[in-house]
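Peer 1:
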Amino acid sequence: MRSLLVIHNRAAEPERQAVSASPKPAPPETLLRAYGYAVARATDEAEAAKRIAEADAAILHIPVSDIPAWASLLLKRKIVPLLWWCSEATAASSLEACEDNVPIDGVLTASMKERELHWALHFGAKQCFERQQWHNERAQLLSRIEERKWIDMAKGILCDMKRITESEAYDILRKQAMNERKRIVDVAASIVKVYQLLQEQKQKGAKR
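If you read the sequence shown in the working numbering, its first letter stands for residue 12, the second for the next number, and so on.
Okay, structure coming up:
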């Protein structure tokens with residue numbers, strides 16, 4: 012991991028500078044470049060969306076409350092580790108935003124030595140991979156649940172209409188899927204939708 016994108020929230024910069032009367036600290040990119048990283052900087056969504064393509068990780072030098080929106084923007088473009096740069100300014104501006112569901116993979120500070128920062132980035136990348144794997148597994152599970160719902164509904168319709176068992180109904184779905192070269196869930200969804208449409212038409216006819 013050698014290429015980093017540092018995100019600054021331009022709109023909040025004046026407010027952050029007013030947090031402390033002490034001299035303005037060096038920005039994160041100064042330290043990161045000194046440690047040998049190639050660093051790009053972005054202060055708005057257009058810049059970030061363009062530059063994230065070349066980055067191995069994103070460093071968010073922003074208040075915690077701004078992280079979810081930036082994370083959503085960046086991760087739509089590219090899956091990368093997201094690390095929060097905790098400075099005096101960003102920490103002070105985050106006091107009212109102690110959220111549990113902040114999508115970051117690690118925390119960096121200006122006090123970190125080169126090896127400390129290296130390992131923080133390394134484990135951040137590992138955390139990012141595990142988080143993405145969990146999201147993929149969750150999406151697959153939800154998809155399987157949705158598929159099972161359609162198949163069970165179709166089996167129920169076939170059982171009622173044909174007076175057959177669930178096993179026989181499933182065999183019908185499977186054979187139809189093979190004949191039509193479709194997935195069983197697609198055949199099941201078609202049956203359910205046609206059945207629901209027929210029921211709606213019957214109800215409308217009964218009201219006339």
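Beta carbons are placed, not taken as given, at the ideal position from N, Cα and C, and that holds for glycine.
As the structure is a prediction and not an experimental result, all values here were calculated from the model.
Starting from G117, trace the beta strand (DSSP E) both ways and give me its first and last residue.
Peer 2: On the sequence shown, position 106 is the one that residue 117 refers to. From DSSP, the beta strand (DSSP E) with G117 extends over G117 to L119.
Peer 1: What is the rounded straight-line gap between the Cα of D197 and the Cα of Q143?
Peer 2: Position 186 of the sequence shown, counting from 1, holds the residue named residue 197. Position 132 of the sequence shown, counting from 1, holds the residue named residue 143. Near 28 Å, if we compare the C-alpha coordinates of Q143 and D197.
Peer 1: Quick one: Cα of R194 to Cα of H146, how far?
Peer 2: Start at 1 with the first residue of the sequence shown, and residue 194 comes out as number 183. Start at 1 with the first residue of the sequence shown, and residue 146 comes out as number 135. Cα to Cα, the separation comes out at about 24 Å.
Peer 1: Please specify which runs of the alpha helix (DSSP H), each continuous and at least 4 residues long, are wholly inside the segment 131-204, giving them in chain order.
Peer 2: As far as the segment 131-204 is concerned, its whole alpha helix (DSSP H) runs of at least 4 residues are 177-191.
Peer 1: Quick one: Cα of R155 to Cα of M189, how far?
Peer 2: Taking the first residue of the sequence shown as position 1, residue 155 is located at position 144. Taking the first residue of the sequence shown as position 1, residue 189 is located at position 178. Answer to the nearest angstrom: the Cα atoms are 19 Å apart.
Peer 1: Over what stretch of residues does the alpha helix (DSSP H) that includes S83 continue unbroken?
Peer 2: If you number the sequence shown from 1, residue 83 lands on position 72. Segment I78 to R88, the alpha helix (DSSP H) holding S83.
Peer 1: In angstroms with no decimal places, state the Cα-to-Cα distance between W96 and L132.
Peer 2: Taking the sequence shown and counting its residues from 1, one reaches residue 96 at position 85. Taking the sequence shown and counting its residues from 1, one reaches residue 132 at position 121. Cα to Cα, W96 sits roughly 12 Å from L132.
Peer 1: Taking contact to mean 3 or more Cβ pairs, one atom from each stretch, closer than 8 Å, check whether the segment 72-80 and the segment 148-168 are in contact.
Peer 2: No, because fewer than three Cβ pairs between the segment 72-80 and the segment 148-168 fall closer than 8 Å, the two stretches do not touch.
Peer 1: Assign I63 to one of three DSSP states: helix, strand, or coil.
Peer 2: Indexing the sequence shown from 1 puts residue 63 at position 52. I63: helix per DSSP, three-state reduction.
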